[in-house]
Structure formats: structure tokens, C-alpha cells
Amino acid sequence: PPSLTAFQGFDALFHAMEGYIANVSTPVSDIFALKSISLLGKSLVQAYKNGKDIEARENVAMAATLAGVVESVSDCTGNHAISQAMGAYHDNLPHGAALLSTAKEYYGWFEKVVPDRYADMAKALTGDPNAQAEDLMKKLLEMMAECNVDDIKLSDYGMTYEELPVIRDNAVYWQTFLFDNEPVPLTADEVLEIMQRSYK
């Protein structure tokens with residue numbers, strides 16, 4: 069189904085992106101991350117729009133595999149911690165949807181922290197060798213809109229604004245190791261701010 073293609077495809081993209089900005093990234097993980105990002109920039113929207121496009125689906129599958137290598141050689145960062153905590157409290161919330169709900173605020177947070185890394189990812193995602201750091205978020209949000217996953221409402225899954233601090237506490241306590249991978253540390257208050265700004 070198209071929705072699963074989007075949820076799983078963006079999960080793969082976020083594996084690659086997080087692995088690339090993580091402070092535990094390596095030269096090997098970087099190669100796999102940028103290739104994964106490039107394949108998804110080229111094919112994810114097409115695979116979503118036309119599930120019978122075998123080449124697009126092959127590219128998304130390969131990108132997901134490469135992103136899995138990134139996750140193993142480098143690691144994920146805080147957006148995965150947040151999404152997994154959300155899923156722990158709301159098991160009807162798909163993992164990909166949880167990630168997408170906070171994507172704009174979370175990934176936008178680090179744009180000016182590691183601009184060189186964002187520029188690299190922008191070049192890969194857009195296919196434009198002249199792309200700049202700010203082009204990453206522009207392209208990401210464009211892709212999310214084209215796949216109809218740019219307006220995930222956590223309230224549709226039964227999540228309330230009032231419970232966000234509890235979910236934040238779960239994420240920070242149980243998945244400290246993912247927050248430890250951030251390019252710069254996030255405080256617990258900053259994690260909550262990202263979640264609150266993302267909530268609909």
C-alpha cells in the first residue's frame with residue numbers, strides 16, 4: 069500500500085540521515101548513508117505514486133538495506149528515540165508516522181549545527197551538486213508533501229498534548245544512548261520543545 073511505502077521509505081531515509089549526522093558516524097557509514105539518501109531522493113516519491121514501478125521499488129529496497137548498514141556501523145539519533153517512545157504508549161501509531169510527525173522540527177533543529185553535513189545530504193537528496201544546507205529541509209518537506217505524509221496528526225492516534233512530557237521522559241530515560249549520538253546535546257527541555265512544536 070502507498071502509505072506503507074511512505075512510512076517505511078522515510079524510516080529508511082531517516083536511518084541514513086541520522087547515521088550521517090551522528091557523532092559516531094564513520095567514513096564507511098557515510099558512504100552508505102549518502103548512497104541511500106540519493107536513491108531515496110530519486111525513487112521514493114515515484115515508488116509511492118506508482119507501486120508497479122519496479123525500478124523505483126528496487127531503489128527504495130536497496131536504499132533501505134544500505135540505511136540498515138548505516139544504522140549498524142553508525143547509529144540513529146534522537147528522533148528515533150522519540151518515535152519509539154511514542155509507539156510504546158500508542159501501539160496503533162506506525163513507526164514511520166511517528167518519525168514523520170516530528171521530522172520538520174527535529175531535523176530542522178540541527179541544520180545550522182552541522183551545515184556541511186546538511187549540504188552533503190542536500191546534494192544527495194536533490195541530485196544537485198550545487199545544493200546548499202538549507203536545501204535539505206526544503207527537499208525533505210517537498211517529498212513528504214508529495215507522499216501525503218506532511219500533516220501527521222498525533223491526536224488522530226489518541227495522543228494528547230498533555231502526555232508529551234511523559235513520553236519525553238520515557239525516550240530520554242530508556243534511549244539515552246540515541247540522544248548521546250546527537251551532533252550537539254539536546255536537553256530534556258529541548259526534546260520536549262521539539263515534540264510540542266510538532267504536535268497536532
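Numbered per the numbering used here, the sequence shown spans residues 69 to 268.
Beta carbons: idealized from backbone N, C-alpha and C, even for Gly.
Predicted, not measured: the structure shown is a model, and the values here were computed from it.
Quiz item: Going by the CB atoms, is the gap between ALA101 and TYR116 shorter than 8 Å?
Solution: no
Quiz item: DSSP state of GLU250, grouped into three classes?
Solution: coil
Self-check item: Between the CA atoms of TYR186 and LYS172 - distance to the nearest angstrom
Solution: 14 Å
Quiz prompt | Three or more C-beta pairs below 8 Å linking the stretch 115 to 129 and the stretch 143 to 156 | solution = no
Quiz item: Taking just the CA atoms, how far does GLU231 sit from TYR225?
Solution: 13 Å
Exercise. Would you kindly check if the distance between the Cβ of SER104 and the Cβ of ALA84 is under 8 Å?
Key: Yes, the pair counts as a contact, with Cβ atoms nearer than the cut-off.
Self-check item: Contact check, LEU222 vs LEU208, beta carbons under 8 Å
Solution: no
Quiz prompt | Beta-carbon contacts of LYS110 that lie in its chain and below 7 Å, excluding the five residues immediately before and after | solution = Closer than 7 Å at Cβ, skipping near neighbours: ASN127 and GLY195.
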